[in-house]
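Chemist:
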Amino acid sequence: MFLTGSPGTDASTQPAGWVPSLAVTTVAAGADRTVADPGVGRGPQWLEDFLRRRLADIIGLRRDLHAHPELSHRETRTTAMIEQWLTAAGISHHGLPGSTGVIAEIDGHGGSRRAPVVGLRADIDALPLREGSGLPFASTVPGVAHACGHDVHLAVLLGAALALQESAALTGPVRLLFQPAEEVMSGGAKDVIAAGGIDGVDLLFALHCDPRTEAGRIGLKVGPITSTSDLIELRLSGQGGHTSRPHLTADLVNALGMVITGLPLLITRRLDPQAAAVMVWGAVQAGDAPNAIPQEGVLRGTLRLKRRDAWDVAEALIRELVAGLLAPTGVTYELTVQRGVPPVENDSSATALLRAGAVAALGPDAAVDAEQSTGAEDFAEMLELAPGALARLGVWDGQSEQCDLHSARFVADERSIPAGIRLLVHTVLAAQADGRRVADA
Ligand code: NI
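Residues 7 to 447 in our numbering are what the sequence shown spells out, letter by letter.
1) Is Ala392 helix, strand or coil by DSSP?
2) Should Asp129 be counted as a contact of the ligand NI given a C-beta to heavy atom distance under 8 Å?
3) Count the other CB atoms, across all protein chains shown, that sit within 10 Å of the CB of Gly114; report buried if there are 16 or more and exposed otherwise.
4) Do Gly140 and Val180 count as a contact pair if the criterion is CB distance below 9 Å?
5) For Thr10, count neighbouring C-beta atoms within 10 Å of its own C-beta (all shown protein chains included) and say buried if the count is 16 or more, exposed if not.
6) Decide if Phe385 is buried, meaning its Cβ has at least 16 other Cβ atoms within 10 Å, or exposed.
7) So for Ala282, helix, strand or coil by DSSP?
8) Quick check on this structure: which residue in Leu327, Thr267, Ala382 and Thr84 has the alpha carbon closest to the alpha carbon of Val158?
9) Compute the minimum distance between the beta carbon of His72 and the heavy atoms of the ligand NI, and state whether it is under 8 Å.
10) Sorry if obvious, but does the Cβ on Gly155 come closer than 8 Å to a heavy atom of the ligand NI?
11) Tell me whether the segment 366-381 and the segment 232-240 touch, counting them as touching only if at least three CB pairs, one residue from each stretch, are closer than 8 Å.
12) What are the residues that DSSP puts in a beta bridge with Val180?
13) Taking the straight line between their C-alpha atoms, what separation do you get for Ile112 and Thr146?
14) Just checking my contact of Pro217 with Val259 at CB under 8 Å: how many whole Å lie between their CB atoms?
15) State the beta-bridge partners of Asn352 as determined by DSSP.
16) Three or more C-beta pairs under 8 Å: does that hold for the segment 46-66 against the segment 411-430?
17) What residues in its chain sit with their C-beta under 8 Å from that of Trp497, if we drop five residues either side in the sequence?
18) Are the CB atoms of Val434 and Ala418 nearer to each other than 9 Å?
19) Along the chain, which unbroken stretches of the alpha helix (DSSP H) at least 4 residues long are found entirely within the segment 232-317?
20) Between the Cα of Ser250 and those of Ser243, His156 and Ala295, spot the shortest distance and give me the residue it belongs to.
21) Please classify Asp318 as buried or exposed, where buried requires at least 16 other C-beta atoms within 10 Å of its C-beta.
22) Which residue marks the beginning of the beta strand (DSSP E) containing Asp375, and which one marks its end?
23) If I measure Cβ to Cβ from Pro252 and keep anything under 7 Å in the same chain, skipping five residues before and after, which residues do I get?
24) Do Ile130 and Phe184 count as a contact pair if the criterion is CB distance below 9 Å?
25) What separation, rounded to the nearest whole angstrom, lies between the Cα atoms of Ala281 and His412?
26) Is His248 near the ligand NI, with its Cβ less than 8 Å from a heavy atom?
27) Count the C-beta pairs between the segment 337-353 and the segment 388-397 that are closer than 8 Å, then say yes if the count reaches three, no if not.
28) Per DSSP, which residues does Phe211 bridge with? Please list them.
29) So, with DSSP's three-state summary, where would you put His99?
30) Which residue from Ala316, Arg314 and Val343 puts its Cα closest to that of Val328?
31) Here's a check: name, in chain order, each residue in its chain whose Cβ is nearer than 6 Å to the Cβ of Glu302, leaving out the five neighbours to either side.
32) Buried or exposed: which applies to Glu245, given that a residue is buried once 16 or more other Cβ atoms fall within 10 Å of its Cβ?
33) Can you grab the Cα-Cα spacing for the pair Leu341 / Arg325, in whole Å?
34) Are there 16 or more other CB atoms within 10 angstroms of the CB of Gly206, so buried, or fewer, so exposed?
35) Is any heavy atom of the ligand NI found at a distance shorter than 8 Å from the C-beta of Leu61?
36) Could you please give me the residues that DSSP links to Val337 through a beta bridge?
Quick look at the structure:
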């Protein structure tokens with residue numbers, strides 16, 4: 007089912023309390039949208055009231071998004087739904103020029119001009135894989151699924167935005183970044199940046215679902231929390247020939263073999279072991295006949311690193327090592343290194359604000375230590391422009407098998423949605439209070 011309302015609908019023409027009619031289109035009549043709230047009763051009262059009134063709608067929105075996943079840069083329905091909810095809430099917003107995704111801002115109700123501008127980012131795209139979760143609201147789009155939990159990220163950000171928009175406690179502006187296309191290179195963070203989404207932002211926060219952490223808990227880490235990921239493609243060519251006379255050719259398969267084993271090894275000897283370089287070839291193609299030396303061959307793989315300083319020198323090092331390995335072989339080559347993103351580097355002050363937010367929102371045991379993952383996240387590109395931090399949002403139900411992100415059977419416990427809303431709201435309030443103290447000092 008596609009949109010039932012007009013994306014450009016003006017909230018001012020709607021009756022008070024109007025909710026977009028498309029919000030729950032795929033939830034079966036009578037379906038229970040009640041979700042246990044891990045932070046219930048922790049306040050403040052206006053947030054309790056907000057969640058009591060609106061949480062079921064937000065859960066419905068999330069299930070609708072989950073049933074209608076959209077691939078990177080094609081999130082048109084998702085974008086229209088975000089805009090409709092923002093319009094209904096009276097939050098000013100605009101789409102990214104020439105792209106999907108939305109930038110919005112809550113003005114802070116004329117609060118202190120010295121309060122920091124807090125940016126909150128959620129990614130909104132899905133993955134090209136077939137869902138096998140068995141959920142009643144599983145994907146209705148063949149071969150596309152929200153298997154990385156970005157539907158949860160979106161619902162949490164929208165819920166926090168609606169709560170903050172209603173709140174008299176907000177004392178400064180909040181920028182809302184609904185980012186498209188996190189799952190591809192080059193990612194949608196660049197589109198948000200190009201559209202001015204980070205301009206004027208003092209502090210940035212984002213969440214990512216973590217299937218190894220229980221719902222109601224928040225994983226935190228100062229410093230790098232994700233890794234780099236670059237794509238490497240090497241195309242070899244040479245004069246083919248008979249395997250009985252390799253000296254008259256360039257033995258291309260042997261040259262491939264030297265790079266296959268040599269490059270991953272040499273990288274670990276030339277980079278600081280703290281960078282934890284993981285270089286793995288995922289594809290190799292060359293030759294057909296057992297007694298013919300082929301003329302062409304291709305290698306493709308990825309390099310992942312845990313440290314930014316290693317990433318800065320990685321491309322030049324790969325080029326040097328490939329040149330050295332192939333020099334004696336006589337083959338010619340074309341090397342492509344597609345740069346991914348640096349690690350997400352969590353700022354210590356921003357992480358402390360998330361910790362304060364987690365404790366206030368979900369209790370003293372809510373904040374747990376997170377490890378640096380070997381996955382990559384283009385939120386890192388935004389953090390090159392403004393300090394901030396990414397937190398891991400627990401989505402494990404505490405009982406089921408833990409299915410990893412990007413798995414067909416990945417399921418997020420929806421208790422993570424009120425938990426995430428509470429976390430973002432408290433973190434924004436803590437950041438504004440902290441910023442005011444700094445400004446007043
Ligand atoms: Ni993701």
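Note that beta-carbon positions come from the ideal geometry of N, C-alpha and C, so glycine has one too.
Modeler: The short version:
1) coil
2) yes
3) buried
4) no
5) Only weak support exists for where Thr10 lies, its pLDDT of 30 falling under 50; the value from the coordinates is given anyway. Counting Cβ neighbours within 10 Å, Thr10 comes out exposed, since fewer than 16 surround it.
6) buried
7) coil
8) Thr84
9) no
10) yes
11) yes
12) Ile112 and Val124
13) 33 Å
14) Between Val259 and Pro217 the Cβ distance is about 41 Å, and since that is not below 8 Å, they are no contact.
15) Gly229
16) yes
17) With the chain running from 7 to 447 in the structure shown, residue 497 is simply not present.
18) no
19) 258-276
20) Ala295
21) exposed
22) Ala373 to Asp375
23) Ile299
24) yes
25) 25 Å
26) no
27) yes
28) Leu126 and Ala395
29) strand
30) Val343
31) Ser243
32) As written in the sequence, residue 245 is Gln, which differs from the Glu given in the question. Classification for Gln245: exposed.
33) 8 Å
34) exposed
35) no
36) None; Val337 has no bridge partner.
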